[in-house]
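Asks: Dropping a structure here in structure tokens format, bear with me for questions.
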Amino acid sequence: MGLGISFFIFGYVGNLLSPIQGSVGLLWPPTGLALGVLLLFSSNLWPGILLGGFFVNLLIWGRPPLVSLAVVTGATVGVLCGYVLLRRVGFRIQLDRMRDLIALVALGAVAGMTITSTVRVGTLTLAGLVPADRFWTAWWLDELSSIMGVIIVTPVVLLASRIRRLRPPRPRRVVEAAAVLGAAFVVMSIATHARSELLFLIFPVLIWAALRFQVKLAAPCVLLVSLLTVYGAAVGSGPFEGQGLSSKVDTVLAFELATALTSLVLAVTTVERIRAHGEVERTADELASVVAQLSRSLGRRLVPPVIEEATDRISGERRVVRERIRTPRDSRVDPDTSDLAHPLHGDTPVTPEDD
1 MGLGISFFIF GYVGNLLSPI QGSVGLLWPP TGLALGVLLL FSSNLWPGIL LGGFFVNLLI
61 WGRPPLVSLA VVTGATVGVL CGYVLLRRVG FRIQLDRMRD LIALVALGAV AGMTITSTVR
121 VGTLTLAGLV PADRFWTAWW LDELSSIMGV IIVTPVVLLA SRIRRLRPPR PRRVVEAAAV
181 LGAAFVVMSI ATHARSELLF LIFPVLIWAA LRFQVKLAAP CVLLVSLLTV YGAAVGSGPF
241 EGQGLSSKVD TVLAFELATA LTSLVLAVTT VERIRAHGEV ERTADELASV VAQLSRSLGR
301 RLVPPVIEEA TDRISGERRV VRERIRTPRD SRVDPDTSDL AHPLHGDTPV TPEDD
């Protein structure tokens with residue numbers, strides 16, 4: 001029931017942001033919500049998707065009951081297929097590996113939403129609600145908006161898995177996170193109301209969020225940026241003033257895709273680099289320990305030059321690694337704050353050194 005109500009609310013918001021009334025518009029959040037909730041909990045929650053989607057079609061868009069049922073059935077099947085595909089490839093809900101991000105985009109978004117869009121637009125065409133000669137145009141818009149819903153909303157929903165294990169953050173981290181979100185809001189507010197093209201100014205803020213906070217702040221920033229962009233396009237303000245519908249759609253969808261992938265790829269790459277740094281340091285510590293034990297076992301009379309040379313070399317290698325992979329302490333992966341991945345559905349979380 002909770003998923004159904006949330007799906008309906010997200011559908012209502014998505015409809016408000018759509019420049020085309022009765023259509024999924026430029027960003028369809030319910031698809032991302034549905035897939036994220038299934039990944040967090042269980043596929044047994046699919047009736048909530050069916051129920052919420054049915055009332056979105058019936059009450060918000062005013063479609064006939066049978067058409068609404070057929071449309072939401074296709075949406076539910078598409079989300080379930082995306083869920084099953086992600087389970088089959090070992091998707092981990094923390095998005096700390098590049099393979100997980102690629103799987104989310106290719107399987108959860110593209111593959112799953114292709115089924116959803118085909119059934120939805122096909123049903124509307126057969127019912128006479130979409131002209132036959134506009135099938136592919138409607139399908140393409142539906143597909144892209146559903147895909148963006150998964151890419152943008154699902155990572156934010158998956159962050160809920162970390163809340164129960166979060167430790168109280170340091171005050172300066174809270175201030176910095178608030179500064180990132182504030183900067184994103186201010187920049188996008190200016191960019192979506194200025195007549196000149198200033199949307200590109202948001203990329204430094206997204207890079208800041210990805211490098212310093214990884215996915216846990218990069219994903220909310222992308223969602224905030226996308227919502228403000230879609231709103232600006234819906235009301236026709238700033239760079240969208242005077243643009244035709246087709247131009248708005250092309251601009252917004254391209255911008256959403258660029259910002260989402262840039263931010264998430266950089267965030268995941270940063271997490272992988274931090275993990276590699278931790279593994280190198282752990283290996284260096286183990287080697288130094290082994291050499292020290294060997295030195296004590298053999299005593300100073302046996303090959304001390306060899307042992308001392310090995311110890312010096314290990315120390316030198318550690319210094320080189322630290323210089324080449326320099327990571328601020330506040331940005332390092334912390335298992336207690338769930339920056340690390342764990343397998344789907346509650347397996348034991350790994351440490352920075354485990355993969």
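Using UniProt numbering, read the sequence shown as starting at 1 and increasing by one per residue. Each residue gets a CB set at the ideal place from its N, CA and C atoms; glycine is no exception. Note that this is a predicted model, so its numbers are computed, not measured.
For V280 and L266, I'd like the C-alpha separation in whole angstroms.
Replies: Here residue 280 refers to the residue found at position 280 of the sequence shown. Here residue 266 refers to the residue found at position 266 of the sequence shown. About 21 Å.
Asks: Measuring alpha carbon to alpha carbon, tell me which of L129, P169 and L3 ends up nearest F41.
Replies: Translated into positions along the sequence shown, residue 41 becomes position 41. Taking only the C-alpha atoms, the option nearest F41 is L3.
Asks: Is the stretch 127–139 in contact with the stretch 97–104, if contact means three or more CB pairs nearer than 8 Å?
Replies: Flag = no, the stretch 127–139 and the stretch 97–104 do not touch.
Asks: If you pair each beta-carbon of the stretch 162–177 with each one of the stretch 54–66, do three or more pairs fall below 8 Å?
Replies: In short, these stretches do not touch, since the Cβ pair count stays below three.
Asks: From the DSSP output, in three-state form, read off R173 for me.
Replies: Residue numbering aside, residue 173 sits at position 173 when the sequence shown is read from its first letter. In the structure shown, R173 sits in a helix (DSSP, three-state: H, G or I).
Asks: State buried or exposed for S246, treating a residue as buried only when at least 16 other CB atoms are found within 10 Å of its CB.
Replies: The sequence position of residue 246 within the sequence shown is 246, counting from 1. The residue is exposed, with fewer than 16 neighbouring Cβ atoms inside 10 Å.
Asks: For a test of the three-state rule: what should DSSP assign to R296, helix, strand or coil?
Replies: Sequence index remark: in the sequence shown, residue 296 carries index 296 (1-based). Reduced to three states, the DSSP call for R296 is helix.
Asks: Whole angstroms are fine: how far does the CA of E286 sit from the CA of F55?
Replies: One-based indexing of the sequence shown puts residue 55 at position 55. One-based indexing of the sequence shown puts residue 286 at position 286. So the two alpha carbons sit approximately 60 Å from each other.
Asks: Taking V187 as the reference, which of I147, G238, V150 and V153 has the closest Cα?
Replies: On the sequence shown, residue 187 is found 187 positions in, with the first residue counted as 1. Of the listed residues, the one whose Cα sits closest to V187 is G238.
Asks: Which residue comes first and which comes last in the alpha helix (DSSP H) that contains F7?
Replies: One-based indexing of the sequence shown puts residue 7 at position 7. Its alpha helix (DSSP H) spans residues G2 to L16.
Asks: Should the stretch 105–120 be called in touch with the stretch 77–87, which here means at least 3 C-beta pairs below 8 Å?
Replies: They touch, by the three-pair rule.
Asks: Please state whether DSSP places P349 in a helix, a strand or coil.
Replies: Here the question's residue 349 lines up with position 349 in the sequence shown. With a pLDDT of 38 at P349, under the threshold of 50, the modelled position of that residue is not reliable, and no figure is offered here.
Asks: Spatial neighbours of S226 within its chain, please: CB distance less than 8 Å, with the 5 preceding and 5 following residues excluded, ordered by chain position.
Replies: Stepping through the sequence shown from its first residue, residue 226 is reached at position 226. Counting only Cβ-Cβ distances below 8 Å, and skipping sequence neighbours, we find L27, M148, I152, E256, T259 and A260.
Asks: Please state the DSSP three-state secondary structure of R120.
Replies: Along the sequence shown, one-based indexing puts residue 120 at 120. Residue state, collapsed to three classes: helix.
Asks: State the Cα-Cα distance for the pair G32 and T154, rounded to the nearest angstrom.
Replies: For the purposes of this step, residue 32 is taken as the residue at position 32 of the sequence shown. For the purposes of this step, residue 154 is taken as the residue at position 154 of the sequence shown. Going by the C-alpha atoms only, they are around 4 Å apart.
Asks: Hey, how far is the Cα of M113 from the Cα of W208?
Replies: In the sequence shown, residue 113 corresponds to position 113, counting from 1. In the sequence shown, residue 208 corresponds to position 208, counting from 1. One C-alpha to the other measures close to 31 Å.
Asks: Just to confirm my understanding: we take Y12, look at its own chain, exclude 5 residues before and 5 after, and list those with CB closer than 8 Å. What are they?
Replies: Indexing the sequence shown from 1 puts residue 12 at position 12. Taken in chain order, the residues that qualify are V56 and I60.
Asks: Return the residue from the list V110, A111, A138 and G182 that minimises the CA-CA distance to G122.
Replies: Counted from its first residue, the sequence shown places residue 122 at position 122. Minimum Cα distance to G122 is reached at A138.
Asks: Alpha carbons only, please: which of I274, G236, D142 and N44 is nearest the one belonging to A210?
Replies: Numbered from 1 along the sequence shown, position 210 holds the residue referred to as residue 210. Comparing Cα-Cα distances from A210 to each of I274, G236, D142 and N44, the minimum goes to I274.
Asks: What does the Cβ neighbour count give for D142, buried or exposed, with the cut at 16 atoms within 10 Å?
Replies: As a working note, residue 142 is residue 142 in the sequence shown. D142 should be labelled buried.
Asks: What three-state label does DSSP hand R92 in the structure shown?
Replies: Residue mapping note: residue 92 aligns to position 92 of the sequence shown, counting from 1. Three-state result, R92: strand.
Asks: Suppose you measure from the CA of C221 to the CA of Q214; what does that come to, to the nearest Å?
Replies: Position 221 of the sequence shown holds residue 221. Position 214 of the sequence shown holds residue 214. Approximately 11 Å between the Cα atoms of the pair.
Asks: If you run the structure through DSSP and keep just helix, strand and coil, what is V130?
Replies: Numbered from its first residue, the sequence shown carries residue 130 at position 130. In this structure, V130 counts as coil in the three-state DSSP scheme.
Asks: Among L206, L107, I93 and S189, which residue has its Cα nearest to the Cα of L159?
Replies: Along the sequence shown, read from residue 1 onward, the residue named residue 159 stands at position 159. Of the listed residues, the one whose Cα sits closest to L159 is I93.
Asks: Can you say whether V180 is buried or exposed, counting buried as having 16 or more other CB atoms within 10 angstroms of its CB?
Replies: For this step, residue 180 is matched to residue 180 along the sequence shown. Buried is the call here.
Asks: Just the C-alpha distance for T192 and V110, rounded to the nearest angstrom, thanks.
Replies: Locating residue 192 in the sequence shown gives position 192, counting from the first residue. Locating residue 110 in the sequence shown gives position 110, counting from the first residue. T192 and V110: Cα-Cα distance of roughly 28 Å.
Asks: With distances taken from CA atoms, which of L223, G242 and V291 is nearest S263?
Replies: Walking along the sequence shown from the start, residue 263 turns up at place 263. Cα-wise, what sits closest to S263 is L223.
Asks: So what does DSSP say about G182, is it helix, strand or coil?
Replies: Numbered from its first residue, the sequence shown carries residue 182 at position 182. DSSP places G182 in helix when its eight states are reduced to three.
Asks: Which residues in the same chain as A127 place their Cβ atom closer than 6 Å to its Cβ, once the five residues preceding and following it in sequence are excluded?
Replies: Residue numbering aside, residue 127 sits at position 127 when the sequence shown is read from its first letter. Taken in chain order, the residues that qualify are V67.
Asks: Around the Cβ of F200, are there at least 16 other Cβ atoms within 10 angstroms (buried) or fewer (exposed)?
Replies: For the purposes of this step, residue 200 is taken as the residue at position 200 of the sequence shown. Exposed, by the Cβ-count rule.
Asks: For the alpha helix (DSSP H) holding A233, just list the boundary residues, first then last.
Replies: Here residue 233 refers to the residue found at position 233 when the sequence shown is read from its first residue. It spans V215 to V235 - the alpha helix (DSSP H) in which A233 sits, taken as one unbroken run.
Asks: Give the straight-line distance between the Cα atoms of A276 and R282, rounded to the nearest whole angstrom.
Replies: In the sequence shown, the residue the question calls residue 276 occupies position 276. In the sequence shown, the residue the question calls residue 282 occupies position 282. In a straight line, the C-alpha of A276 is about 10 Å away from that of R282.
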